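Heads up: the sequence shown begins at 1 in UniProt numbering, then just goes up one per residue.
A short write-up of the structure that comes next.
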Amino acid sequence: MSFALCNHKQVGAFFEPLIQSYLPGWTVNGFRAQIKDIGRESGSVVSLTLRPDQSWQGFQAGQYINLTVEINGAKLTRCFSISSSPETYRMTGTVRLTIREQDQGVVTPWLATGLKKGGYVSLSAACGEFVVQRNGVPKVFIAAGVGITPILSMLSDLVDQGESKPVKLLYYGSDHLFRSELSALESAKSNFSFDFLNTRESGYFDRETVQRLLEQYAPEQFEKPDYYICGPGEMITSVEQILKDSGVSPERIHFEFFGVPRALDVQVSESGQASRAVAFSQTQAEVSVEPGDRRTLLEIAEGAGLNPVHGCRAGVCHQCSCRKLGGRVQNILTGQVSDGGAELVQLCISQPVDDVELAL
1 MSFALCNHKQ
11 VGAFFEPLIQ
21 SYLPGWTVNG
31 FRAQIKDIGR
41 ESGSVVSLTL
51 RPDQSWQGFQ
61 AGQYINLTVE
71 INGAKLTRCF
81 SISSSPETYR
91 MTGTVRLTIR
101 EQDQGVVTPW
111 LATGLKKGGY
121 VSLSAACGEF
131 VVQRNGVPKV
141 FIAAGVGITP
151 ILSMLSDLVD
161 QGESKPVKLL
171 YYGSDHLFRS
181 ELSALESAKS
191 NFSFDFLNTR
201 ESGYFDRETV
211 QRLLEQYAPE
221 QFEKPDYYIC
231 GPGEMITSVE
241 QILKDSGVSP
251 ERIHFEFFGV
261 PRALDVQVSE
271 SGQASRAVAF
281 SQTQAEVSVE
291 PGDRRTLLEI
301 AEGAGLNPVH
311 GCRAGVCHQC
321 SCRKLGGRVQ
331 NILTGQVSDG
341 GAELVQLCIS
351 QPVDDVELAL
């Protein structure tokens, strides 16, 4: 046996597919979960109810997990938020993931038909910092589309914990998921107030809406609320800016992206070059990136025929982190431009500012 197999984890990984054909709940890394239910929430949204193995440590409301499935012999990982509550997990041992199928996706359209009740998937420990702050102040939740997923878990947990401060939900969408479940939560607590807003009629959150919110909490008897935002990237970027412009302090604004915002422009003219080159040191490939090309480094690598490890494609799971050997990149979530030295960057949320070399 080669030296590479002398490590017991490597031995386990080598034999894992064979062992799982007899013991499907067994794994050498991470955790396994049995599929208890697969159901549709809407035409393009599916929920998976999973029972993780007993070694899984649970989660906080608002967190996500990395789900790994095998499609055509390839193991693919994506991150999905948990829409059920911690109390449901304590009572039943199950968690629910709610997932929108992506038109051009590989994993999400496959889940509803490729997975079967009673089968098994792999998952990570719960991840993420988008959790409710237990600080005794009112809370305003702003969700759009499938961004309601972690917020539903948060709201359920607040009901279970007997939250006494005012809780407000603004839920934007053309098709509101979990409406009956949300209405039951609102009915359970007199201090909860939920608004379901149709984007076809009213559009998204705007300055007039935030002004009404601020006026609601303006009287001295009301404490200033914390804001929790989840939805498409451009929606979050817009809402965050409106809140800041209206005087809400940044530490009171909490958010999680579903997808990546495209509102930030890379200042490619800084380098004085008409185009930029992205070089891949291990494969000796090089791609010329023309002005106006707004692909991320992950998309550029995939376009060059490479297949970097990745998961969420939204800057959350960090699976696509790669060593940049040189050149500047811009983080499209924060707008921050790196220096030109070697460092780890997330491929899915980085765009080249000038010539860049990656260890791929």
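Glycine residues also receive a C-beta, built at the ideal position from the N, C-alpha and C atoms.
Because the structure is a prediction, the values reported are computed rather than measured.
Worksheet entry | Three-state secondary structure (DSSP) of D37 | Residue mapping note: residue 37 aligns to position 37 of the sequence shown, counting from 1. Note: D37 maps to strand in three-state DSSP.
Worksheet item: How close, in whole Å, do the beta carbons of G62 and V131 come, if the pair is a contact with beta carbons under 8 Å?
Response: On the sequence shown, position 62 is the one that residue 62 refers to. On the sequence shown, position 131 is the one that residue 131 refers to. Indeed, because the Cβ distance is near 4 Å, the residues count as touching under 8 Å.
Worksheet item: Going by DSSP, which residues form a beta bridge with C322?
Response: Looking up residue 322 in the sequence shown gives position 322. Checking the DSSP bridge columns, you'll see C322 partnered with V345.
Fill in: Beta carbon of V287 nearer than 8 Å to that of G327
Counted from its first residue, the sequence shown places residue 287 at position 287. Counted from its first residue, the sequence shown places residue 327 at position 327. It is not a contact, given that the beta carbons lie outside the stated cut-off.
Item to complete: Can you say whether F196 is buried or exposed, counting buried as having 16 or more other CB atoms within 10 angstroms of its CB?
Response: Against the sequence shown, residue 196 aligns to sequence position 196. Counting Cβ neighbours within 10 Å, F196 comes out exposed, since fewer than 16 surround it.
Discussion item. Going by DSSP in three states, I332 sits in which element: helix, strand or coil?
Written reply: To locate residue 332, count along the sequence shown from 1; it is residue 332. Residue state, collapsed to three classes: coil.
Practice prompt. Closer than 8 Å by C-beta to L325: which residues in its own chain qualify, once you throw out the five before and the five after it? Chain order, please.
Written response: By one-based count along the sequence shown, residue 325 stands at place 325. Apart from sequence neighbours up to five positions away, the residues of its chain that approach L325 with a beta-carbon distance below 8 Å are S281, A342, E357, L358, A359, ordered along the chain.
Practice prompt. Please name the residue or residues paired with P352 in a DSSP beta bridge.
Written response: Residue 352 sits at position 352 when you count from the first residue of the sequence shown. Residue pairing by DSSP places P352 opposite V329 in a beta bridge.
Practice prompt. Give a yes or no on contact between the stretch 165 to 174 and the stretch 92 to 104, applying the rule of three or more CB pairs nearer than 8 Å.
Written response: Contact fails: fewer than three Cβ-Cβ distances are below 8 Å.
Discussion item. In this structure, how does DSSP classify A112 when only helix, strand and coil are distinguished?
Written reply: Looking up residue 112 in the sequence shown gives position 112. Helix at A112.
Discussion item. Strictly by DSSP, which residues pair up with F196?
Written reply: For this step, residue 196 is matched to residue 196 along the sequence shown. DSSP lists Y171 as partners of F196.
Fill in: Where L67 falls: helix, strand or coil (DSSP)
Taking the sequence shown and counting its residues from 1, the one referred to as residue 67 is at position 67. It is a strand residue.
Worksheet item: In the structure shown, what three-state DSSP assignment does T94 receive?
Response: Position 94 of the sequence shown, counting from 1, holds the residue named residue 94. Reduced to three states, the DSSP call for T94 is coil.
Item to complete: Kindly indicate the opening and closing residues of the alpha helix (DSSP H) around P150.
Response: In the sequence shown, counting from the first residue as 1, residue 150 sits at position 150. P150 -> alpha helix (DSSP H) spans 148 to 160.
Worksheet item: Between which two residues does the alpha helix (DSSP H) carrying K244 extend?
Response: Walking along the sequence shown from the start, residue 244 turns up at place 244. Its alpha helix (DSSP H) spans residues 233 to 245.
Worksheet item: What number of angstroms, rounded off, separates the C-alpha of V146 from the C-alpha of S153?
Response: Within the sequence shown, the letter at position 146 stands for residue 146. Within the sequence shown, the letter at position 153 stands for residue 153. Cα to Cα, V146 sits roughly 13 Å from S153.
Item to complete: Let me know if R323 comes out buried or exposed under the rule of 16 or more other beta-carbons within 10 Å of its beta-carbon.
Response: Within the sequence shown, residue 323 is the residue found at index 323, counting from 1. Looking at its Cβ environment, which holds fewer than 16 other Cβ atoms inside 10 Å, R323 is exposed.
Worksheet item: Buried or exposed: R90, going by 16 or more other Cβ atoms within 10 Å of its Cβ?
Response: For the purposes of this step, residue 90 is taken as residue 90 along the sequence shown, with counting starting at 1. Counting Cβ neighbours within 10 Å, R90 comes out exposed, since fewer than 16 surround it.
Item to complete: Could you tell me the distance, in whole angstroms, from the CA atom of S156 to the CA atom of L182?
Response: For this step, residue 156 is matched to residue 156 along the sequence shown. For this step, residue 182 is matched to residue 182 along the sequence shown. Distance between the alpha carbons of S156 and L182: 9 Å.
Worksheet item: Taking Cβ positions, are L298 and R313 nearer each other than 8 Å?
Response: In the sequence shown, the residue the question calls residue 298 occupies position 298. In the sequence shown, the residue the question calls residue 313 occupies position 313. Against a cut-off of 8 Å, the Cβ pair of R313 and L298 comes out as a contact.
Worksheet item: When we look at the beta-carbon of L158 and count the other beta-carbons within 10 Å, is it buried (16 or more) or exposed?
Response: Here residue 158 is taken as the residue at index 158 of the sequence shown, counted from 1. By the 10 Å Cβ count, L158 comes out buried.
Discussion item. Pairs of beta-carbons, one from the stretch 40 to 54 and one from the stretch 229 to 240, closer than 8 Å: are there three or more?
Written reply: Put simply, the stretch 40 to 54 does not touch the stretch 229 to 240. Fewer than three CB pairs are less than 8 Å apart.
Discussion item. Taking 7 Å as the limit between beta carbons, can you name the residues of its chain near G30, skipping five residues before and five after?
Written reply: Position 30 of the sequence shown, counting from 1, holds the residue named residue 30. Only S122, L123, S124 meet the Cβ criterion.
Item to complete: Can you give me the Cβ contacts of G247 inside the same chain, cut-off strictly under 7 Å, excluding the 5 residues immediately before and after it?
Response: To locate residue 247, count along the sequence shown from 1; it is residue 247. Hits under 7 Å: none found.
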